[in-house]
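Participant: My structure is below; once you've seen it, I'll send some questions.
Chains as they are written, first to last, in full-length UniProt numbering: chain Y, 1 to 59; chain S, 1 to 225.
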């Protein structure tokens, strides 16, 4: 039986680089480069860099 | 031998306390008398003196020979004579006997003894003020960890708060540099290192200020070429 086709887009988690544990979830095309953006972190109350979390080994 | 101090002391004591001392003579007094004259009959004279000075102790005649009877009485008597405030195990039968005085009566006696300044004559007891103060220090507020030499464990977030704040502070210190580097690298186009998302890992492996110069050095030849 053929494997189920992988979806074109994936949901990714962008982690605050202030290391507060705060994160935002976005979806991006699977083939796109990892996301990174400046966003507001409510814990430190500043705009900080958010980087995409590395995905697990099973994927 | 009954000294005048003992007699005046006995006259000043309330009947309840006096009765207790008659039944269970304090070892300090009996030791002093035995060292003075040795025979147990001396302790009897003390008891007689105290009983004569006490107007309420009419039925104390049978109590008088108790100090002498301890030598010949059974084990249970010896145990209670040692300390009537503690439970006593009969060594021959293995039976446990409760203390001669209940905790309530012990507390009453200790309150009386404290008001009449005869605490040093009282045998050790769980109701002794010194022991109670010691326990209060040992147990603190009765909350686990508040006693002497103990630490409150605290919730997980309380135990880890300090280190978490420290990592956050370090991360925020290097944040402007990190953002500048990210901007220089085309808003993430040239960014290679991404977080694993596991706790306890700082931003050191993703970014350190020295890395930036290395990258600038790498880019410089390509831009000139």
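Glycine included, every Cβ here is placed at the ideal spot set by N, Cα and C.
To which residues of the same chain is residue 191 of chain S closer than 7 angstroms at the C-beta, ignoring the five residues directly before and after it?
Facilitator: Here residue 191 of chain S refers to the residue found at position 191 of the second chain. These residues qualify, in order along the chain: 182, 185.
Participant: List the residues of chain S whose Cβ lies closer than 9 angstroms to the Cβ of residue 25 of chain Y, in chain order.
Facilitator: As a position in the first chain, residue 25 of chain Y is number 25, starting the count at 1. Residues of chain S passing the Cβ test: none, with the nearest at roughly 12 angstroms.
Participant: How about residue 97 of chain S and residue 113 of chain S: do their beta carbons lie closer than 8 angstroms?
Facilitator: The residue labelled residue 97 of chain S in the question sits at position 97 within the second chain. The residue labelled residue 113 of chain S in the question sits at position 113 within the second chain. No, the Cβ-Cβ distance between residue 97 of chain S and residue 113 of chain S is not below 8 angstroms.
Participant: Can you list, in chain order, the residues of its chain whose CB lies under 6 angstroms from that of residue 193 of chain S, leaving out five sequence neighbours each side?
Facilitator: Here residue 193 of chain S refers to the residue found at position 193 of the second chain. Same-chain partners within the cutoff: 206.
Participant: Since I believe residue 47 of chain Y is in contact with residue 38 of chain Y (beta carbons under 8 angstroms), could you give me their beta-carbon distance rounded to a whole number of angstroms?
Facilitator: Taking the first residue of the first chain as position 1, residue 38 of chain Y is located at position 38. Taking the first residue of the first chain as position 1, residue 47 of chain Y is located at position 47. The pair is a contact, with the Cβ atoms about 5 angstroms apart (cut-off 8 angstroms).
Participant: So which residues on chain S does residue 53 of chain Y lean against when the C-beta distance must stay under 9 angstroms?
Facilitator: In the first chain, counting from the first residue as 1, residue 53 of chain Y sits at position 53. Here the neighbours are 194, 195, 196, 197.
Participant: Rounded to whole angstroms, what is the Cα-Cα separation between residue 19 of chain S and residue 26 of chain S?
Facilitator: Within the second chain, residue 19 of chain S is the residue found at index 19, counting from 1. Within the second chain, residue 26 of chain S is the residue found at index 26, counting from 1. For residue 19 of chain S and residue 26 of chain S, the distance between alpha carbons rounds to 12 angstroms.
Participant: Examine chain Y for any beta-carbon lying closer than 8 angstroms to the beta-carbon of residue 163 of chain S, and answer yes or no.
Facilitator: Mapped onto the second chain, residue 163 of chain S falls at position 163. No, because no Cβ of chain Y sits closer than 8 angstroms to the Cβ of residue 163 of chain S.
Participant: If you reduce the DSSP assignment to three classes, tell me which class residue 43 of chain S lands in.
Facilitator: To locate residue 43 of chain S, count along the second chain from 1; it is residue 43. With a pLDDT of 37 at residue 43 of chain S, under the threshold of 50, the modelled position of this residue cannot be trusted; read the value that follows with caution. In the structure shown, residue 43 of chain S sits in a helix (DSSP, three-state: H, G or I).
Participant: Write down the C-beta distance between residue 27 of chain Y and residue 10 of chain Y rounded to the nearest angstrom, noting that I regard them as a contact closer than 8 angstroms.
Facilitator: Taking the first residue of the first chain as 1, we reach residue 27 of chain Y at position 27. Taking the first residue of the first chain as 1, we reach residue 10 of chain Y at position 10. That belief holds up - the Cβ atoms of residue 27 of chain Y and residue 10 of chain Y are roughly 7 angstroms apart, short of 8 angstroms.
Participant: To which residues does DSSP link residue 26 of chain Y through a beta bridge?
Facilitator: Within the first chain, the letter at position 26 stands for residue 26 of chain Y. Paired residue(s): Y:12.
Participant: Decide if residue 152 of chain S is buried, meaning its Cβ has at least 16 other Cβ atoms within 10 Å, or exposed.
Facilitator: By 1-based counting over the second chain, the position of residue 152 of chain S is 152. Exposed, because fewer than 16 other Cβ atoms sit within 10 Å of the Cβ of residue 152 of chain S.
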